[in-house]
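Reading through the structure tokens given below for one structure.
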Amino acid sequence: MKKDVYILGIESSCDETSCSIVRNGTDDISTVILSQIDIHTLYGGVVPEIASRNHIKDITVVIEQCLKKANINMDMIDAVSVTYGPGLIGSLLVGLEACKSMAFIFNKPLIAVHHIAGHIYANQIGNKMQFPLMCLVVSGGHTDLVYMKDHGSYEVVGSTLDDAVGECYDKVARVMGIGYPGGPIVDKLAKEGALTYELPIPKNDDSLDFSFSGLKSAVINLVHNEKQRAHEIRREDLCASFQNVVVYSLASKTIKAMEKYNVKNLILAGGVAANSGLREKLTDLCKQHGFNFSYPDIKYCTDNATMIAACAYQLFLKKQFSSLTLEAVSSEKLK
Ligand code: KG4
Ligand code: ZN
């Protein structure tokens with residue numbers, strides 16, 4: 003009988019400190035996430051220096067709790083894995099150094115995981131990805147259409163030319179003064195509103211690229227103009243109108259990409275994959291086109307170490323290990 007493979011994962015690229023143990027790349031045995039959202043909310047966004055200080059405070063706590071929860075000791079772990087980038091460099095370094103120390107002390111193979119590859123592999127938790135597939139990656143830092151022929155093969159076929167969609171959600175929420183992070187709040191208010199505000203559809207063309215900075219500016223201008231005229235903004239309606247345009251743009255380009263690349267399987271990845279409007283719209287469109295559509299459980303959409311360990315399993319099978327000289331990188335293309 004094939005031996006089970008246990009991989010420990012660490013994620014600290016932004017404002018979540020997380021450790022997880024995943025069996026055979028699909029089973030979440032134990033996951034611990036300490037979020038710093040409450041701290042950064044005070045500033046309306048992530049403050050890098052504060053983020054890295056809190057990772058240092060939390061990293062050993064999450065590792066210890068994760069092992070305890072799994073009731074596993076390090077002897078049973080086959081490899082340790084970590085996000086090496088992209089992300090905030092000071093934050094990445096904390097997880098990376100912790101993971102390298104574990105690899106050294108316990109003599110385990112070290113696996114380096116690209117953060118976006120990790121988000122994609124959130125789809126493999128409790129599930130199996132079917133190839134070839136198209137993945138719409140939508141997070142705070144990325145908006146990409148990624149074509150995958152097989153495990154570990156990534157071809158970015160479309161991308162944002164400016165802001166990422168999550169960043170746009172967060173800025174729109176900020177100008178409306180409704181809190182941080184903006185995505186889940188806008189999503190919730192959008193369900194209670196009507197499509198009354200007219201906003202431009204970004205990059206409404208045949209390309210597979212996106213653009214969100216013009217839409218962001220349009221919302222900011224609209225809010226300022228209404229304020230100057232002493233008109234009250236109907237928040238629910240503005241959220242609904244904004245989300246409608248975002249979802250239209252993401253969904254129409256995604257379907258275009260699937261047709262162009264003759265792909266029948268669609269998956270979602272990244273924090274914005276939690277968006278209810280996007281999930282509903284793509285569910286409808288995929289049904290119409292006869293495409294298979296699946297997405298990660300909401301708890302695996304935003305940053306977590308489960309997706310890192312799930313992704314690392316594929317690298318473990320190919321014996322793609324890193325040396326202890328592995329460095330953190332703030333930006334790196336998915337390849
Ligand atoms: O993937 P993630 O946790 O971090 C990055 O790697 O960037 O994504 C965070 C982003 C934030 O911009 C947040 O506002 C957005 O995901 N987000 C959402 C929703 N939940 C989180 N955006 C829209 N709708 C949601 N329900
Ligand atoms: Zn992320």
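First residue of the sequence shown? That's 3 in our numbering, and the numbers climb one at a time after it. Glycine is no exception: its CB is placed at the ideal position from the N, C-alpha and C atoms. Model, not experiment: these values are computed from the prediction.
Uninterrupted alpha helix (DSSP H) stretches inside the region 109-145 (no shorter than 4 residues): 117-123
Enclosing alpha helix (DSSP H) for A220 [first to last residue]: 215-230
D165: CB within 7 angstroms of a non-hydrogen atom of the ligand KG4: no
Cβ-based burial, M136 [other Cβ within 10 Å; buried from 16]: buried
P298 classed as buried or exposed, judged by whether at least 16 other C-beta atoms fall within 10 angstroms: buried
Spatial distance of A124 from N223 (CA atoms): 37 angstroms
Proximity of T308 and I39 at Cβ, strictly below 8 angstroms: no
contact_flag[the region 242-249, the region 191-207] where n(CB pairs < 8 angstroms) is 3 or more: yes
Through-space distance from K5 to A175, alpha-carbon basis: Each residue's CA atom was taken as its position, placing A175 and K5 some 48 angstroms apart.
According to DSSP, residues forming a beta bridge with E13: S20
Minimum C-alpha distance to G292 - residue among K321, R231, I257, A192: The closest CA to that of G292, considering only K321, R231, I257, A192, is found on I257.
Rounded separation between V265 and S161 - CA only: Taking the straight line joining both Cα atoms gives about 18 angstroms.
F341, buried or exposed, once every other Cβ within 10 Å from all chains shown has been counted against 16: One cannot answer for residue 341 here, as it falls past the ends of the chain, which runs 3 to 337.
Any non-hydrogen atom of the ligand ZN closer than 7 angstroms to G273 Cβ: yes
Top-ranked residue by Cα proximity to V159, from D211, L95, Y182: That would be D211, whose Cα lies nearest to the Cα of V159.
Backbone secondary structure at F212 - three-state DSSP: strand
Contact set for D152: own chain, Cβ-Cβ below 6 angstroms, skip 5 residues either direction: Its chain contains F133 as the residues whose beta carbon lies nearer than 6 angstroms to that of D152, once the 5 sequence neighbours on both sides are disregarded; these appear in chain order.
Secondary structure of F338, DSSP reduced to three states: Because the chain in this structure spans residues 3 to 337, residue 338 falls outside the shown range and cannot be described.
Nonlocal neighbours in the same chain, by C-beta distance under 8 angstroms from E51, ignoring five residues either side: G92
Backbone CA spacing between E169 and M3 [nearest angstrom]: 47 angstroms
Neighbourhood of the ligand ZN [Cβ distance below 5 angstroms to any heavy atom], ordered by chain position: S141, D305
Unbroken beta strand (DSSP E) run spanning T28, endpoints: Unbroken run through T28: none, as it is neither H nor E.
Per-residue burial, D30 [other beta carbons within 10 Å of its own, 16 or more giving buried]: By the 10 Å Cβ count, D30 comes out buried.
Cβ contact check for the region 81-100 and the region 269-289: 3 or more pairs under 8 angstroms: no
Host beta strand (DSSP E) of I180 (start-end): Run containing I180: none; DSSP gives neither H nor E here.
Span of the beta strand (DSSP E) around A314: Unbroken run through A314 is the alpha helix (DSSP H), 308-319; no beta strand (DSSP E).
Separation of S325 from N146, as counted between CA atoms: It is Asp, not Asn, that sits at residue 146 in the sequence shown. Their backbone Cα atoms lie some 29 angstroms apart in a straight line.
Neighbour-count burial assignment, V48, 16 or more Cβ in a 10 Å radius: buried
Contact test: I277 Cβ vs the ligand KG4 heavy atom, cutoff 7 angstroms: Here residue 277 is Asn; the residue named in the question, Ile, does not match the sequence. Result yes, Cβ under 7 angstroms from the ligand KG4.
Secondary structure of I39, DSSP reduced to three states: helix
Coil, strand or helix - V356 by DSSP: No information on residue 356 is available, as it lies outside the stretch 3 to 337 that the chain covers here.
Bounding residues of the beta strand (DSSP E) (the contiguous stretch that carries I65): Looking at the DSSP string, I65 is not in any beta strand (DSSP E); the run it does join, the alpha helix (DSSP H), is 50-72.
Beta-carbon proximity list for Y199, same chain, < 7 angstroms, skipping 5 on both sides: L224, D239, L240, S243
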